[in-house]
Amino acid sequence: MKTYQIHNAKVALTEQPMPECAADQVLVKMHALALNHRDYLVVNGITRWKLAEDGRVPVADGAGEVIAVGLQVTDLQVGDRVSSLIVPNWQDGEMTADKLQGSPGGPGADGVAAQYRVFKHSAVIKIPDYLSYQEAAALPCAGVTAWNAMVESSHLKPGNTVLILGTGGVSLFAMQFALMMGCEVIVSSSSDAKLAKAKELGAHHLINYATNSEWVESVLEITGGEGVHHIAEVVGGSHLNLSLRCIRSGGTIAQIGAIQGICEGTVDTAEIMYKAVNIKGIEVGSKAMHGRMLKAMQTHQMKPVMHKVFPFEQLGEAIDYQGSGSHFGKIG
Numbered sequence: 002m003k004t005y006q007i008h009n010a011k012v013a014l015t016e017q018p019m020p021e022c023a024a025d026q027v028l029v030k031m032h033a034l035a036l037n038h039r040d041y042l043v044v045n046g047i048t049r050w051k052l053a054e055d056g057r058v059p060v061a062d063g064a065g066e067v068i069a070v071g072l073q074v075t076d077l078q079v080g081d082r083v084s085s086l087i088v089p090n091w092q093d094g095e096m097t098a099d100k101l102q103g104s105p106g107g108p109g110a111d112g113v114a115a116q117y118r119v120f121k122h123s124a125v126i127k128i129p130d131y132l133s134y135q136e137a138a139a140l141p142c143a144g145v146t147a148w149n150a151m152v153e154s155s156h157l158k159p160g161n162t163v164l165i166l167g168t169g170g171v172s173l174f175a176m177q178f179a180l181m182m183g184c185e186v187i188v189s190s191s192s193d194a195k196l197a198k199a200k201e202l203g204a205h206h207l208i209n210y211a212t213n214s215e216w217v218e219s220v221l222e223i224t225g226g227e228g229v230h231h232i233a234e235v236v237g238g239s240h241l242n243l244s245l246r247c248i249r250s251g252g253t254i255a256q257i258g259a260i261q262g263i264c265e266g267t268v269d270t271a272e273i274m275y276k277a278v279n280i281k282g283i284e285v286g287s288k289a290m291h292g293r294m295l296k297a298m299q300t301h302q303m304k305p306v307m308h309k310v311f312p313f314e315q316l317g318e319a320i321d322y323q324g325s326g327s328h329f330g331k332i333g
């Protein structure tokens with residue numbers, strides 16, 4: 002079977018033997034993959050995602066069809082449509098460090114960029130019929146992360162105001178979930194074209210931070226000077242200071258990403274204290290969260306925003322495109 006491996010910060014298509022499933026595993030024919038910023042970091046060996054050695058199979062998120070089950074597996078059967086889990090050891094309950102180990106496509110475990118993949122039966126989740134394989138593949142990392150940030154770890158109510166930073170995969174999921182809950186949504190981006198697309202999806206207020214240097218004041222003006230109730234913060238670093246200016250007293254900043262990287266300079270901790278801001282770090286989510294998200298999505302017939310889908314043979318180009326940051330939504 003064809004399988005991708007990472008060699009010298011590039012992905013190479015290789016031939017590998019067909020895997021066989023153990024008693025507690027299922028064999029899945031992969032039908033679709035979806036990329037995250039994490040995959041770009043892993044392949045390129047950036048920061049904490051640097052691999053100790055070559056040969057790792059990349060990509061965390063995928064979906065496919067179960068074609069064989071182990072003797073001990075009772076919760077899945079041949080023909081089931083499933084997707085991978087971003088943190089398969091975190092089944093439910095509170096997050097702990099040990100539950101985050103073994104995430105596919107990273108330093109701890111092989112990913113799903115192969116024609117066939119064996120999974121422990123608990124490391125996949127059934128997908129609703131209304132979602133295509135490609136749509137379901139877009140959910141494990143970005144979708145569950147946004148769901149955790151906007152639903153599981155928030156106190157949002159209908160009518161609350163939410164600031165969404167950017168228009169990548171996680172950001173658009175966060176926007177969709179906020180709209181699902183009846184919130185008033187502000188989206189910021191450096192692209193007028195992307196903002197126009199966000200408006201088509203239901204965003205109420207649009208801010209181009211590249212052309213509007215006073216964009217923080219614009220957020221405050223929209224909210225009558227109070228600030229927003231909740232921020233989906235994907236930038237990180239010193240940008241947190243700008244988010245602190247945009248948040249209202251008692252509001253929540255869901256720290257989802259760290260595109261800017263390690264903070265250089267200082268963070269206004271006094272602002273955190275005086276505003277009683279809740280800063281919540283979001284590290285994806287559990288299988289139970291994934292299941293609740295799927296139920297909500299099915300009820301509302303919500304689908305992920307797909308920007309572009311590459312052929313399997315062009316995974317390298319797809320990962321480079323992911324790293325360019327030019328996409329609106331998910332790349333498959």
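Sequential numbering from 2 applies to the sequence shown in the working numbering. Using N, Cα and C, we set each Cβ at its ideal position, and we do this for glycine too.
By DSSP's assignment, Pro-105 forms a beta bridge with Ala-110. If you draw a 10 Å sphere on the C-beta of Tyr-117, you find 16 or more other C-beta atoms in it, and that means buried.
In chain order, Thr-146, Ala-150, Val-171, Ala-233, Glu-234, Val-235 and Ile-283 place their CB closer than 7 Å to the CB of Ile-257, counting only its own chain and leaving out the 5 sequence neighbours on each side. For the 8 Å CB-CB criterion, Gln-92 and Lys-288 form a contact.
Each residue's CA atom was taken as its position, placing Met-2 and Lys-30 some 11 Å apart.
Boundaries of the beta strand (DSSP E) harbouring Ser-84: 82 to 85, taken from the DSSP string.
Annotation for Gly-324: no beta strand (DSSP E) segment contains it, though the alpha helix (DSSP H) segment containing it runs 316 to 325. Pairing Asp-81 with Lys-127 gives a Cβ-Cβ distance under 8 Å.
If you draw a straight line from the Cα of Ala-138 to the Cα of Val-268, it is about 36 Å long. By the Cβ rule, the segment 154 to 169 counts as touching the segment 180 to 187, because three or more pairs are nearer than 8 Å. For Arg-118, the enclosing beta strand (DSSP E) has its first and last residue at 117 to 121. Spanning the alpha carbons of Leu-202 and Ile-47 requires a straight line of approximately 33 Å. Its chain contains Asp-25, Val-27 and His-122 as the residues whose beta carbon lies nearer than 7 Å to that of Val-74, once the 5 sequence neighbours on both sides are disregarded; these appear in chain order. Under the three-state reduction of DSSP, Asp-62 is assigned to strand. When secondary structure is reduced to three states using DSSP, Gln-299 falls in the helix class. Of the residues assessed, Ala-204 falls on the buried side of the cut-off, its CB having 16 or more other CB atoms within 10 angstroms. In this structure, the beta-carbon distance from Gly-317 to Val-12 falls below 8 Å. Residue range 270 to 276 is occupied by the alpha helix (DSSP H) that includes Thr-270. When the five nearest sequence neighbours on each side are left out, the beta carbons in the same chain lying within less than 8 Å of the beta carbon of Thr-4 are those of Leu-14, Thr-15, Glu-16, Gln-17, Val-58, Ala-114, Ala-115 and Gln-116, in order along the chain.
For Gln-6, no alpha helix (DSSP H) encloses it; the enclosing beta strand (DSSP E) starts and ends at 3 to 8. Distance check between Leu-101 and each of Val-88, Pro-108, Gly-112 and Leu-42 places Val-88 closest, using alpha-carbon atoms only. Within its own chain, the residues whose Cβ lies closer than 6 Å to the Cβ of His-291, once the five positions on either side in sequence are excluded, are Ile-126 and Val-145, listed in chain order.
Inter-residue distance for Leu-157 and His-230 is about 8 Å (C-alpha atoms, whole angstroms). Note on the segment 189 to 216: whole alpha helix (DSSP H) runs with a minimum of 4 residues are 193 to 201, in chain order. Here the alpha carbons of Glu-272 and Ser-244 stand approximately 11 Å from one another. Excluding residues up to 5 positions away in sequence, Val-29, Lys-30, Met-31 and His-32 lie with their Cβ nearer than 6 Å to the Cβ of Gly-65 in the same chain. Between Gly-106 and Val-43, the beta carbon gap of about 6 Å places them in contact (Cβ cut-off 8 Å).
Assigned with DSSP and collapsed to three states, Val-285 falls in coil, not helix or strand. If you draw a straight line from the Cα of Glu-227 to the Cα of Asn-279, it is about 16 Å long. Lys-331 has Met-307 as its beta-bridge partners, per DSSP.
By the neighbour-count criterion, in which a residue is buried when 16 or more other Cβ atoms sit within 10 angstroms of its Cβ, Asn-90 is buried. For Arg-249, the enclosing beta strand (DSSP E) starts and ends at 248 to 256. Between Met-307 and Gln-135 the beta-carbon gap is near 7 Å, inside 8 Å, which marks them as a contact.
One alpha carbon belongs to Gly-169, the other to Tyr-322, and they sit about 12 Å apart.
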